[in-house]
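Residue numbers (the working numbering), protein chains in the order written: chain A, 73 to 598; chain B, 73 to 598.
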């Protein structure tokens, strides 16, 4: 008997399900016992209608109750931590203790609490008041539910029911229709249970959080383009993302996507000379942590041929070669890596380390490192830069700094771009030439530091030019910045004081909220 | 001999032009003497390449020089005011003195100067600094030129070469490729001359402003989706806008569109009772000013049948009936109005006033007012709400306040929605029910005031949910808000102090710029 879906204000049987599925234990390759429904359009339609109704009620409920709900969800996740960690470890193969319990779960509850604080404090909505003309505006809810599609690699932090997009959409005042990642339905169910319990306790509309486990791709496109939808947030593969984007765009519905990135790392000659071994060790860790299954894994490392580059490569290769095999998130990731290995071989890249698919049950892989000369890379830059999600990276060696510029110029939009450079100033000319090219290619530019950590900071950008994301102006990580994706600009022209939302009335609703009044950011009341 | 285009840093002959065209004097219907080229892809390609180069140089030049350029452009327009007003009056049929010289031209130069001030002051870029993690971000240039497609109804204020989008794109640090509206090529040429002169004087890259007069629609789609383009701003018809949107979206290139709106005005019963005649007079003026050729013209007026509504309608009808014919912007506007009249008749609406197409040379029309009962409107809401650009409005009379809610709920996304209500409080229940529906439909909500004025204020929203615009979070009018459309979020993670852009270094670059440092908006230096 499949699990129930969370639709229309409660857990219920799916209506006319299109089928059912089970998750797979990636360490063994065997199906896990729990059965989950594949919803048909009937469930999605119900969710849309209930979500649209909830969007009105949520606007009524106001920020304080939404904030309390987000905090209660965080506490509910903590109360369920044992079950969550055990289920997520089983469904994803990620280490229970080093990763899920002590790193990702606190990050997730932290995000929920930051979103709650931002929601309560209200500065995120950029209230702008022109006292002379009596025109006032702020960012407000979209007026419909936000569909959130969660990825497979962060079962908590990016979970559709409790992760970053969920927190941002609700904190901005919108109901959420969560679409579980089919790799981790059990984890998502537990998270949605925590959220639903918190919803009931906080007196918010019961349909403000809904959960579907799976549905056909065509119903996904119908969902994101439906008149009742507010917006969509998607993190996942480029193919799936582009299909949803086309549907959402056509209907004029905002859709935010995080789709792919190879996160180029340029190691300038001076930094190789000063601390090549150190950089190699940092890069190895960044390429292989979590079996490389991060959106910000360095997939491309660019070096200038020089006396130090061979030693650096030998060190990096040795580290890759010594790395044991690891369990991947699922069959799809393994297939993708195998295709990546095959593509790089076919294109003429040399294997520096890694034997690819590893022995043992389930989906296992040994971190792999390839190398290609810059000239060859530049013959097929589009093919060489196809993302291989997982522990597979490509080193490009170029003859001179000009080769680095050519490689940089050939890149698609990226989440990150990194430059390691010398402390003694010898790399400054190369940096100065490279920076303007990389700056327009990547959402986040790093110096002397690997890109794989994505801090939850108001200054973070986890986004970037297409196809890294769908719009270069928004980030999916960082509170409150991520909330602004799920908002419409609401202007009030000559609207009577008692009809204005609290954020735009003369009095500052929290006493702490920052507002732009006649060109000045201030916390004062009018 | 056709005029030259402004491409690649100077005025030059078009390369392989696809043809030529002349503008039409709408008051006479005859072609004006000047001939302008229809560019082929060769000109667009040159413009893209030169624009991409200029985008690097513009980033180098910095805000102070860009601001000086914008101010010099404003002065250049003032020096050319006689020629500009005469040419625009000839090409558009708009009144030279009451409208073009004393209203629209000052608005245009004012916008340029506001953009210059915002550019110099820099707060627009929302610099955000996390000192603990040393992560810093701000909005920065897109890294490619912005294509601006100007509409036919504001020959100065929305001109592709000198109007609001032009000012916003450049103030945000991006070159502009202007596409003239084919109704006003001469006006656009004069504006581009002023801009190009200012460019040269200010030492900015000569390809930071380029101008093409016309090109085939398929080349427009190729332009907005080209890898070298930064973004696109379009103001015009829904058909043309949707074609460009599809192309831009598919390539993941930001495209901002202002496409259509019927700007519903709900006149609640109490306001009819208190000041019906006054409201009728204001509405008549708003529907017919500029022959109704405004994006924010009230195209739909909704009333509850009540003792006062018949008197109100009689007054409004009489005003329309007494209105003389006016010259339209061109044949397309007249054809559109004729089609609108025909559609409303066919759908069963009653003519309250206006005989449609007027006698005389050129393109002339008499303001027209139709009426339809709410029940009939609700049978075909999609057809009844097709925008008729120009002086044609439709009154919907409903039986009770619930009918108003049903009409409101049936509307597409709008730039504006207006409610007139009583001062004595009697309309409050109706307002409270209507507001949540209208709020999610419109970018700007007005009380007791017609929507046709669009003040240039930081709190303005000239935008709204699709299909009024392409994204509900952005405005095309209002400095600095409009600038943020033409920006990418640039994050700097652990980037060395001397490599940061001035806005993110520890010292405040202007001493006045507002920055969000560790959660606090401040003008201080670190």
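Each residue gets a CB set at the ideal place from its N, CA and C atoms; glycine is no exception.
Residue 565 of chain B sits buried, since 16 or more C-beta atoms from the chains shown fall within 10 Å of its C-beta. Contact between residue 198 of chain B and residue 210 of chain B holds, since their C-beta atoms are separated by about 6 Å, short of 8 Å. By the neighbour-count criterion, in which 16 or more other beta carbons inside 10 Å mark a residue as buried, residue 169 of chain B falls on the exposed side.
Under a 10 Å Cβ-count criterion, residue 598 of chain A is classified as exposed, with fewer than 16 other Cβ atoms of the shown protein chains found around its own Cβ. As for any alpha helix (DSSP H) of minimum length 4 sitting wholly inside the region 430-458 of chain A, the runs are 446-451, 453-456, ordered along the chain.
A distance of 7 Å or more separates the beta carbons of residue 365 of chain A and residue 79 of chain A.
Distance from the CA of residue 547 of chain A to the CA of residue 536 of chain A, rounded to the nearest whole angstrom, comes to 8 Å. If you check the CB distance, residue 187 of chain A and residue 142 of chain A come in under 7 Å. Residue 418 of chain A: not part of any beta strand (DSSP E); member of the alpha helix (DSSP H) spanning 403-419, first to last residue. No Cβ-Cβ contact shorter than 7 Å links residue 358 of chain B with residue 341 of chain B. Here residue 467 of chain B really is in contact with residue 441 of chain B; their C-beta atoms are around 7 Å apart, less than 8 Å. According to the DSSP assignment, residue 282 of chain A belongs to the beta strand (DSSP E) that extends over 281-284.
The C-beta distance from residue 437 of chain B to residue 400 of chain B rounds to 6 Å, short enough to meet the 8 Å contact threshold. According to the DSSP assignment, residue 349 of chain B belongs to the alpha helix (DSSP H) that extends over 341-360.
Beta-bridge partners of residue 102 of chain A (DSSP): A:97.
Short of 7 Å from the beta carbon of residue 542 of chain A, and not among the five residues preceding or following it, lie these beta carbons of its own chain, in chain order: 317, 327, 328, 329. Of the candidates B:304, B:379, B:119, the residue whose Cα lies closest to the Cα of residue 222 of chain B is B:304. Annotation for residue 595 of chain B: no beta strand (DSSP E) segment contains it, and DSSP assigns it neither H nor E.
C-alpha of residue 490 of chain B to C-alpha of residue 207 of chain A: approximately 14 Å in a straight line.
Between the region 222-233 of chain A and the region 158-166 of chain A there are three or more inter-stretch CB-CB distances shorter than 8 Å, so the stretches are counted as touching. Contact of residue 237 of chain B with chain A by beta-carbon distance below 9 Å is absent, the smallest such distance being about 16 Å.
Interface flag for residue 560 of chain B against chain A is set, since a Cβ pair is found closer than 7 Å.
Of the candidates B:185, B:157, B:194, the residue whose Cα lies closest to the Cα of residue 176 of chain B is B:157. In the three-state reduction of the DSSP assignment, residue 548 of chain A falls in the coil class, being assigned neither a helical nor a strand state. Around the C-beta of residue 454 of chain B, fewer than 16 other C-beta atoms lie within 10 Å, and the residue is accordingly described as exposed.
For residue 373 of chain B, the closest C-alpha among the options B:522, B:108, B:587 is that of B:522. Residue range 82-84 is occupied by the beta strand (DSSP E) that includes residue 82 of chain A. Counting only runs of 4+ residues, the alpha helix (DSSP H) found wholly inside the region 477-527 of chain A occupies 500-511, in chain order.
When only Cα atoms are considered, residue 393 of chain A and residue 439 of chain A end up about 8 Å apart. Within the same chain, and ignoring the five residues on either side of residue 515 of chain B in sequence, the residues whose Cβ sits closer than 6 Å to its Cβ are 487, 533, 535, 536. Looking at the DSSP output, residue 135 of chain B sits in no beta bridge, so it has no partner there.
Between the region 572-590 of chain B and the region 230-250 of chain B there are fewer than three inter-stretch CB-CB distances shorter than 8 Å, so the stretches are not counted as touching. Between residue 564 of chain B and chain A, the shortest Cβ-Cβ separation is below 7 Å. Scanning its chain for C-beta atoms nearer than 6 Å, with the 5 sequence neighbours on each side dropped, one finds around residue 502 of chain B the residues 340, 473, in chain order.
Under the 10 Å beta carbon count, residue 336 of chain A is surrounded by 16 or more other beta carbons and is classified as buried.
Counting only runs of 3+ residues, the beta strand (DSSP E) found wholly inside the region 234-278 of chain A occupies 248-251, in chain order.
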